[in-house]
Amino acid sequence: MRLVKLDAIDSTNDFLKDLTRQQMAENFTVVTAENQTKGKGQMGAVWNSEVGKNLIMSVLIKDFILDSKDVFNLNIVVSLAVIKSLESLNIPKLSIKWPNDIMSDHKKIGGILIENSFKSDNSIDSIVGIGLNVNQIHFENLPQASSLALQTNTVFDKDVLLHLIVDNLKSTLKSWNTAAVSLKENYTNRLFNKGVLMPFQKPDQSIFMGMISGVTATGQLEMLSDQGLPLDFDVKEVKMIF
Ligand code: BTN
């Protein structure tokens with residue numbers, strides 16, 4: 620694995636994307652940074668992280684997604700690889716808040732941002748960005764944020780975590796062809812608040828009660844309304860209120 624360690628950069632995802640445009644970057648090229656000046660979160664959000672405290676990494680995954688209808692499969696693989704890594708460090712009550720927030724108990728400890736480039740030869744390069752709150756202990760105005768250190772009262776070695784995640788990512792990707800069904804099942808079983816009746820918000824701000832039951836093959840959230848009606852939502856169509 621090629622590892623590029625940076626002190627500061629706008630975004631490790633953008634840096635790795637540029638790198639893949641400029642040169643033949645090998646599969647599993649990893650970029651880390653101690654500080655991001657324009658860290659990107661899901662759906663145009665900003666990803667902030669205290670300098671030097673957390674794991675900020677992007678990994679290049681080539682040729683796993685072969686068709687655009689399968690993009691969600693990589694979300695499943697990455698979420699499960701991160702969960703497995705954190706589980707081996709005894710982080711408590713781990714779950715995945717759909718589509719890929721990493722939770723410990725009711726707190727968000729990490730997030731994943733996957734950006735896919737469709738190339739002229741029809742292959743797909745995926746930039747997998749992972750932000751994990753590791754040793755940061757103050758989160759201003761973010762009551763739902765936490766870190767590994769806060770959840771366990773322990774200081775963690777970010778390099779150990781980085782290698783754990785990359786190893787688990789490689790092994791989970793390798794197992795996909797033979798274990799896709801059980802990996803999808805593991806992902807569904809790990810969903811935060813699955814089976815719990817709770818409020819959700821639509822883009823028009825209206826609130827409704829629903830219960831998460833799973834995800835569709837393309838990654839939409841499957842729910843049951845409080846009337847027992849099956850509903851599917853895309854990531855932009857619904858927000859969990861908890
Ligand atoms: C989210 O939960 O909204 C996703 C957060 C993803 C953050 C990581 S940090 C490393 C990589 N570089 C970025 O700019 N974003 C991702």
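Its first residue numbered 620, the sequence shown is counted upward by one per residue in the numbering used here.
From the three backbone atoms N, C-alpha and C, an ideal C-beta is built for every residue, glycine too.
No experiment lies behind these values; they were computed from the predicted model shown.
Taking one beta carbon from each stretch, the region 794-802 and the region 691-701 have 3 or more pairs nearer than 8 Å; the two touch.
Only residues of its own chain outside the window of five on either side were considered, and among them Ala764 have a CB closer than 6 Å to the CB of Phe758, listed in chain order. Contact between Trp666 and Val834 is absent: CB atoms are separated by about 23 Å, not below the 8 Å threshold. DSSP, reduced to helix, strand and coil, places Val665 within a strand of the structure shown.
Classified as buried, Lys672 has 16 or more neighbouring CB atoms from the shown chains inside 10 Å of its CB. Pairing Ile721 with Val753 gives a Cβ-Cβ distance that is not under 8 Å.
Gln755 counts as buried, since no fewer than 16 other beta carbons sit within 10 angstroms of its beta carbon. Exclusion of Gln763 from the 7 Å shell around the ligand BTN follows from its C-beta lying no nearer than that to any non-hydrogen atom of the ligand. Counting of Cβ neighbours within 10 angstroms places Val649 among the buried residues, the total reaching 16 or more. The residues Thr631, Asn632, Leu635, Val650, Ile746 and Gly748, in chain order, have a CB closer than 6 Å to that of Ser677 in the same chain once the five nearest residues on each side in sequence are set aside. For Trp666, the CB falls within less than 7 Å of some heavy atom of the ligand BTN. The region 826-841 and the region 775-792 do not touch, with fewer than 3 CB-CB distances between them shorter than 8 Å.
In the three-state reduction of the DSSP assignment, Asn754 falls in the coil class.
With 16 or more other Cβ atoms inside 10 Å of its own Cβ, Ser714 counts as buried. If one requires a minimum length of 3 residues, the beta strand (DSSP E) runs lying completely within the region 640-688 are 649-655 and 674-681, in chain order.
Distance from the CA atom of Ala768 to the CA atom of Asp740, rounded to whole angstroms, is 44 Å. DSSP links Gly748 through a beta bridge to Ser677 and Leu732.
Measuring C-alpha to C-alpha distances from Ile680 to each of Thr807, His725 and Met643 identifies Met643 as the nearest.
One thing to note: Asp629 has its Cβ within 8 Å of the Cβ of Gln655. Lys813 and Leu850 have their C-alpha atoms spaced approximately 14 Å apart.
Judged by DSSP in its simplified three-state form, Glu759 adopts coil rather than helix or strand. Taking the C-beta atoms as reference points, Ile743 is found nearer than 8 Å to Ser736.
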